[in-house]
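In what follows, a structure is listed as structure tokens, so that the remarks can point back to it.
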Amino acid sequence: MPEPKYKRIILKLSGEAMAGDNSVGIEIDYIKLIAEQVKKIHNLGVETGIVVGGGNFWRGREANNIDRATSDHMGMLGTVMNALALQDCLEKMGVLTRVQTAIEMKEVAEPYIRRRAIRHLEKGRVVIFSAGIGNPYFSTDTAAALRAAEINADVILLAKKGVDGIYDSDPKFNPDAKKYDSLNYREILKNNLKIMDATATTLCMDNHIPLVVFGIDDENSMYDVVCGKDLGTKVK
Ligand code: UDP
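Taken in order, the sequence shown gives residues 1 to 236; the numbers are from UniProt numbering.
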């Protein structure tokens with residue numbers, strides 16, 4: 001069995017990834033494919049925390065005529081649905097998990113408790129962090145950066161659907177878009193590259209958390225990244 005490059009990771013899954021080929025809602029067959037990939041890295045002994053997005057249900061800032069904070073609360077609740085779906089798929093594959101929520105809902109899942117999350121990871125449970133950071137006006141990318149800092153993750157793996165790294169322009173619209181093999185956080189901010197929002201980028205930069213952006217469509221990509229294969233774009 002190969003030696004993984006990282007001991008503890010935060011995997012960020014966008015809501016888009018939970019929707020599979022649809023733009024909204026959950027596609028359970030696609031989540032199962034993601035869960036298979038998670039199982040493979042979990043079997044390598046990698047301590048895995050997952051931050052799930054919620055854009056497949058609701059994005060707070062895109063709603064008109066709803067108070068922004070309320071709209072963001074709705075968005076955070078969407079992430080909990082994604083977390084429960086992913087938990088169900090992982091547990092059916094025999095992977096032990098815990099869902100933690102940044103907004104307390106004890107009947108559904110554990111509240112986020114940092115030391116408890118670390119304990120779960122040490123015991124080999126996959127911890128799925130949901131409800132972002134629990135506050136409106138933030139994103140789940142910021143939650144990924146924050147949880148990575150709090151649990152001392154070695155890296156954030158930012159899994160993207162439909163794209164395999166960071167490009168200088170959107171490859172879906174520009175066939176000449178150039179992919180970066182590596183770059184730093186300052187360049188992301190300076191060139192306004194739409195990979196994470198500025199709050200999340202700054203948090204990663206200030207806390208020296210490396211990031212790997214990779215495409216999740218290839219069934220081995222997560223495993224390969226964890227094993228240190230040169231895939232996607234590395235950000236330092
Ligand atoms: N959200 C929030 N605070 C957080 C995280 C998320 O208010 O800490 C809300 C926000 O409205 C956001 C929505 O939840 O649009 C879904 O999260 P996000 O857009 O980050 O999901 P993704 O783009 O990864 O699918």
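We treat Cβ as the ideally placed atom computed from N, Cα and C, and that holds for glycine. For clarity, every value in this text was computed on a predicted model and none was experimentally measured.
Asked	Found
Straight-line gap, L86 to P175 (C-alpha atoms, nearest Å)	34 Å
Beta strand (DSSP E) runs wholly inside the stretch 135-181, at least 3 long, in chain order	155-160
Chain C within 7 Å of V127, Cβ atoms only	In summary, chain C is missing from the structure at hand, where a single protein chain is found.
Sequence-distant residues of its chain with Cβ nearer than 6 Å to I118 (five each side left out)	I151
Unbroken alpha helix (DSSP H) run spanning K39, endpoints	I28 to N43
Under the three-state DSSP convention, the category G94 falls into	coil
Helix, strand or coil at I103 according to DSSP, with G and I counted as helix	coil
CA nearest to the CA of E36, picked from Y167, S221 and S139	S221
For I128, the nearest candidate out of P4, L11, K5 and K7 (CA to CA)	L11
Buried versus exposed call for H120 [16 or more other C-beta atoms within 10 Å across all chains shown]	buried
Integer Cβ distance of A200 from A145, believed to fall under 8 Å	5 Å
Nearest-angstrom Cα separation, counted from D72 out to residue 240	The first residue shown for the chain is 1 and the last is 236, placing residue 240 beyond what the model contains.
Other residues of its chain near A177: CB distance less than 8 Å, five sequence neighbours each side excluded	Y167, D168, S169, D170 and P171
I128: first and last residue of the uninterrupted beta strand (DSSP E) it sits in	V126 to S130
In DSSP terms, what P111 is bridged to	T101
Residue interval of the beta strand (DSSP E) (run including V46)	Careful: V46 lies outside any beta strand (DSSP E) and carries neither H nor E.
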